Each structure stands twice: as structure tokens, then as C-alpha cells.
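*Asks:* Following this message is one structure expressed as C-alpha cells.
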Amino acid sequence: MSAATTVGGGFVSTYEDVTRVRVEDPGRFARLAATRRRRTVADTDGTMMIIAADHPARGALGVGPRADAMASRTELLDRMREALAVPGVDGVLGTADILEDLLVMGALEDKVVFASMNRGGLQGASWEIEDRFTAYDAASIRAAGFDGGKMLTRIDLDDDRTSFILEASAQAVTDLARHELIAMVEPFWSSRPGGPGTTVVNDLSPEAVIKSIHVAQGLGSTSAYTWLKLPAVDDMERVMDATTMPTLILGGDPADDDPATLRASWKRALDRPNVRGLVVGRTLLYPAGDDVTAAVRASVDMIR
């Protein structure tokens with residue numbers, strides 16, 4: 001029996017059918033991407049609420065105290081689809097596996113889509129700083145009709161691998177600009193306080209974030225299409241004075257702060273004129289109280 005007979009030629013509604021499409025009609029993903037109803041960054045009101053789900057591809061499945069919170073793909077997709085259905089949510093950030101599952105279920109219609117590019121710096125790996133580009137590249141992002149690519153760029157002055165990721169990120173910025181796509185750079189000043197092989201820690205002091213901004217915005221042969229993805233930290237007025245780049249604020253790990261404190265930090269950051277919205281994943285997809293819709297709606301209300 002053909003895929004067209006089993007699940008039709010368009011969207012599907014069950015995860016069993018998603019698997020069936022992958023077996024019987026894998027070309028459908030490209031066809032649906034080509035005909036997807038698009039909403040571009042230019043169609044937004046100047047600010048964006050983006051739901052992120054690219055942590056699992058780096059082996060990072062934890063949310064707060066739950067080390068395996070994102071282990072179930074179907075549960076994650078349920079939460080993603082619920083979040084994307086909230087009015088005021090503009091789009092999504094993810095790797096190909098996530099985006100294609102959402103695409104074939106119709107959840108990417110009329111959404112801005114950012115593709116995650118480098119997921120090779122697996123959480124806890126000895127080479128974690130060396131975030132190899134293992135996912136989308138500029139050409140595939142353009143072919144899929146998406147809006148830009150996001151890259152994690154951690155800077156550890158004691159790790160020689162940092163030079164690789166800086167060069168690779170610069171090349172990605174240049175390639176994305178060549179295709180007139182947004183390059184969303186997520187920089188951190190990082191270190192391993194416990195020595196080689198221990199946990200990577202990001203320095204969230206204003207001074208460290210400012211230094212990371214200056215390195216990140218200088219990557220590539222042009223900055224015309226560069227956006228930044230930054231944490232909300234203390235003294236955001238001084239931090240955001242370090243750049244003219246449009247900036248989206250990341251959500252972080254909900255274990256680090258209570259929801260009210262976290263949202264207050266987002267609100268202070270959103271008051272800066274070059275901050276253009278939020279890119280939040282775990283905090284909204286696995287909120288305290290487990291009400292995804294309420295958590296997302298509260299965040300949308302902050303930027304509208």
C-alpha cells in the first residue's frame with residue numbers, strides 16, 4: 001500500500017503516521033517544506049516569541065532536577081505543538097529531526113523557523129567546547145525555506161578547541177549571509193573550573209557577556225545578517241550597549257531561578273531597544289505546574 005493511500009499526501013495527525021511517512025514517503029518532507037505557508041521575520045511586529053527545542057541533539061535531556069525530562073520524543077512534540085498553538089508565538093528553533101516531525105504534522109505553518117546548526121559539542125564530552133557543525137548548513141536552511149541558522153559559540157581561553165569553533169562559526173555567518181539568512185550567534189565566555197574533563201561553566205557576569213558579544217559580532221565577512229542570542233544577566237543596559245545587533249534573550253535552565261525571578265530578568269532585558277524578543281525552550285515546555293499553555297501565554301504577554 002502506498003504512502004498516499006495509507007496516510008494521504010499531506011499532513012498527518014499521529015506519531016505512528018510520522019514514522020510511516022519516514023518509511024514509505026520520505027520525500028514528503030521536502031515537498032511540504034516547499035509548499036509551507038511561511039511567516040518571515042519581516043512579517044512580525046518587530047519582536048518575536050520563539051520556542052526552542054534543540055537541546056536533545058546535544059545529549060542534553062535534563063530540565064531542572066529531571067535528568068531525562070526530554071527523553072520521550074512524543075511527549076516533547078506534544079509540548080512543542082501545544083506551545084506553538086498559543087496565539088502570539090511566532091516560531092520555532094530546532095534540529096532537522098524535530099522540525100521535520102513538526103512539519104509533517106502541520107505545526108510549522110505560518111511560523112518563523114530557525115535551524116540549529118552545531119550540535120557536536122555533546123554535553124559532558126571532553127571536546128564539548130568544540131561544537132562541530134553536525135546539523136543544518138546554510139544551503140539546507142535555504143532549501144527548506146527557513147529563516148536562519150543558530151550556532152552555539154562558547155569561548156574557553158584555556159581550551160585550544162575554541163579556535164576551531166570561532167573559525168567554523170565565522171564561516172557559518174558568512175555562508176548564511178551569502179544566502180541572505182539570519183545568523184543567530186549564541187556566545188558564552190566559558191571555562192572548566194574543575195580542570196580538564198569537568199563540567200563546562202558559562203560566565204554570566206555582565207563583563208563576560210560583553211566580551212562574548214564583541215567576539216561574536218566580529219565573526220564572518222559581514223555582520224549584516226547577524227543576530228545575537230544572549231542570556232538575561234545583571235546590568236542589561238550596559239550589556240546591550242555593547243552591540244547594535246538585534247538580540248533575542250534565551251530562556252536558560254528553569255532549575256537556576258524560580259519562574260517569577262526568571263521572567264523579571266527577561267522583562268528587564270526586553271526593555272532594551274535592540275532586544276527583539278525571546279527564544280525559550282525548557283522553561284516553557286516543562287514549566288513548574290506543567291501548564292505549557294499558561295507559561296507560554298505569560299511570556300507572550302511580556303513582549304506584546
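Position one of the sequence shown corresponds to residue 1 (the UniProt record's numbering), numbered consecutively onward. All C-beta atoms in this analysis are idealised placements derived from N, C-alpha and C, irrespective of residue type, glycine included. Please read all numbers here as calculations on a predicted model, not as lab measurements.
Can you check which of these residues, Ala-170, Gly-145, Gly-194, is closest to Gly-124 by C-alpha distance?
*Replies:* On the sequence shown, residue 124 is found 124 positions in, with the first residue counted as 1. Measuring from the Cα of Gly-124, the nearest candidate turns out to be Gly-194.
*Asks:* Give the range of the alpha helix (DSSP H) segment to which Met-302 is assigned.
*Replies:* Numbered from its first residue, the sequence shown carries residue 302 at position 302. Where Met-302 is concerned, the enclosing alpha helix (DSSP H) stretches over 292-303.
*Asks:* DSSP on Thr-153, reduced to helix/strand/coil?
*Replies:* Within the sequence shown, the letter at position 153 stands for residue 153. The answer is strand: DSSP assigns Thr-153 an E or B state.
*Asks:* If contact is defined by three or more beta carbon pairs under 8 Å, each pair taking one atom from either stretch, is the stretch 196-204 in contact with the stretch 214-225?
*Replies:* no
*Asks:* Straight-line CA distance for Ile-182 to Asp-156?
*Replies:* Sequence index remark: in the sequence shown, residue 182 carries index 182 (1-based). Sequence index remark: in the sequence shown, residue 156 carries index 156 (1-based). For Ile-182 and Asp-156, the distance between alpha carbons rounds to 25 Å.
*Asks:* What does the alpha-carbon distance come out to for the pair Arg-132 and Met-80?
*Replies:* For the purposes of this step, residue 132 is taken as the residue at position 132 of the sequence shown. For the purposes of this step, residue 80 is taken as the residue at position 80 of the sequence shown. Cα-Cα distance, rounded: 26 Å.
*Asks:* What separation, rounded to the nearest whole angstrom, lies between the Cα atoms of Thr-6 and Thr-35?
*Replies:* Within the sequence shown, numbered from 1, the residue matching residue 6 stands at position 6. Within the sequence shown, numbered from 1, the residue matching residue 35 stands at position 35. Its pLDDT being 44, under 50, Thr-6 is placed unreliably in this model, and the value from its coordinates should be taken loosely. Distance between the alpha carbons of Thr-6 and Thr-35 is about 21 Å.
*Asks:* Applying the 10 Å Cβ sphere with the 16-neighbour rule, what's the burial state of Trp-127?
*Replies:* Indexing the sequence shown from 1 puts residue 127 at position 127. The residue in question, Trp-127, is exposed, as its Cβ has fewer than 16 Cβ neighbours within 10 Å.
*Asks:* If you measure between the beta carbons of Ala-232 and Ile-210, is that distance less than 8 Å?
*Replies:* One-based indexing of the sequence shown puts residue 232 at position 232. One-based indexing of the sequence shown puts residue 210 at position 210. Contact: no.
*Asks:* Determine the direct distance from the alpha carbon of Asp-158 to that of Leu-32, and round the result to whole angstroms.
*Replies:* As a first step, residue 32 is located in the sequence shown; it is residue number 32 there, counting from the start. As a first step, residue 158 is located in the sequence shown; it is residue number 158 there, counting from the start. So the alpha carbons of these two residues sit roughly 45 Å apart.
*Asks:* Quick check: the stretch 223-230 against the stretch 162-178, are there 3 or more CB pairs under 8 Å?
*Replies:* Note that the stretch 223-230 touches the stretch 162-178; at least 3 beta-carbon pairs, one per stretch, sit closer than 8 Å.
*Asks:* Mind checking who Phe-114 pairs with in its DSSP beta bridge?
*Replies:* Position 114 of the sequence shown, counted from the first residue, corresponds to residue 114. Phe-114 pairs with Leu-93, Gly-148.
*Asks:* Measuring straight from C-alpha to C-alpha, what distance separates Pro-206 and Ala-30?
*Replies:* Taking the first residue of the sequence shown as 1, we reach residue 206 at position 206. Taking the first residue of the sequence shown as 1, we reach residue 30 at position 30. Their backbone Cα atoms lie some 43 Å apart in a straight line.
*Asks:* Should Met-184 be flagged as near chain C, meaning a C-beta pair shorter than 8 Å?
*Replies:* Within the model displayed, chain C is absent; a lone protein chain is all it includes.
*Asks:* Can you tell me whether Arg-304 is buried or exposed, with buried defined as 16 or more other CB within 10 angstroms of its CB?
*Replies:* Indexing the sequence shown from 1 puts residue 304 at position 304. Exposed.
*Asks:* Mind checking whether Leu-152 and Glu-186 have CB atoms under 8 Å apart?
*Replies:* Counting from one through the sequence shown, the residue named residue 152 turns up at place 152. Counting from one through the sequence shown, the residue named residue 186 turns up at place 186. Yes, the Cβ-Cβ distance between Leu-152 and Glu-186 is below 8 Å.
*Asks:* Please classify Thr-95 as buried or exposed, where buried requires at least 16 other C-beta atoms within 10 Å of its C-beta.
*Replies:* Start at 1 with the first residue of the sequence shown, and residue 95 comes out as number 95. Within 10 angstroms of the beta-carbon of Thr-95 lie 16 or more other beta-carbons, which makes it buried.
*Asks:* Just curious, the alpha helix (DSSP H) that Arg-28 is in, first and last residue?
*Replies:* Taking the sequence shown and counting its residues from 1, the one referred to as residue 28 is at position 28. 28-35 is the span of the alpha helix (DSSP H), which, as asked, contains Arg-28.
*Asks:* Given a cut-off of 8 Å on the beta-carbon distance, is the pair Gly-251 and Leu-230 in contact?
*Replies:* Taking the first residue of the sequence shown as 1, we reach residue 251 at position 251. Taking the first residue of the sequence shown as 1, we reach residue 230 at position 230. 8 Å or more divides the Cβ of Gly-251 from the Cβ of Leu-230.
*Asks:* For Thr-47, collect the residues of the same chain with a Cβ closer than 6 Å to its Cβ; drop the 5 residues on either side in sequence, then sort them by chain order.
*Replies:* Here residue 47 corresponds to residue number 47 of the sequence shown, with the count starting at 1. For Thr-47, where only same-chain residues beyond five positions count, the Cβ hits under 6 Å are Arg-276, Gly-277, Ile-303.
*Asks:* So if DSSP puts Met-80 in a beta bridge, which residue, or which two residues, is it bridged to?
*Replies:* Residue numbering aside, residue 80 sits at position 80 when the sequence shown is read from its first letter. According to DSSP, Met-80 bridges with nothing at all.
*Asks:* For Lys-229, which beta-bridge partners are listed by DSSP?
*Replies:* Here residue 229 refers to the residue found at position 229 of the sequence shown. Leu-248.
*Asks:* My guess is that Val-279 and Ala-67 are in contact by the Cβ rule of under 8 Å, so how many angstroms apart are they, rounded?
*Replies:* For the purposes of this step, residue 279 is taken as residue 279 along the sequence shown, with counting starting at 1. For the purposes of this step, residue 67 is taken as residue 67 along the sequence shown, with counting starting at 1. Not really, about 23 Å apart at Cβ, beyond 8 Å.
*Asks:* Would Val-12 and Met-105 qualify as a contact pair, given that the criterion is a beta-carbon distance under 8 Å?
*Replies:* Within the sequence shown, the letter at position 12 stands for residue 12. Within the sequence shown, the letter at position 105 stands for residue 105. Cβ atoms of Val-12 and Met-105: closer than 8 Å.
*Asks:* In the DSSP assignment, the alpha helix (DSSP H) including Leu-262 goes from what residue to what residue?
*Replies:* Position 262 of the sequence shown holds residue 262. Segment 259-270, the alpha helix (DSSP H) holding Leu-262.
*Asks:* Out of Arg-268, Arg-272, Lys-267, which one is the CA nearest neighbour of Ala-242?
*Replies:* If you number the sequence shown from 1, residue 242 lands on position 242. Minimum Cα distance to Ala-242 is reached at Arg-272.
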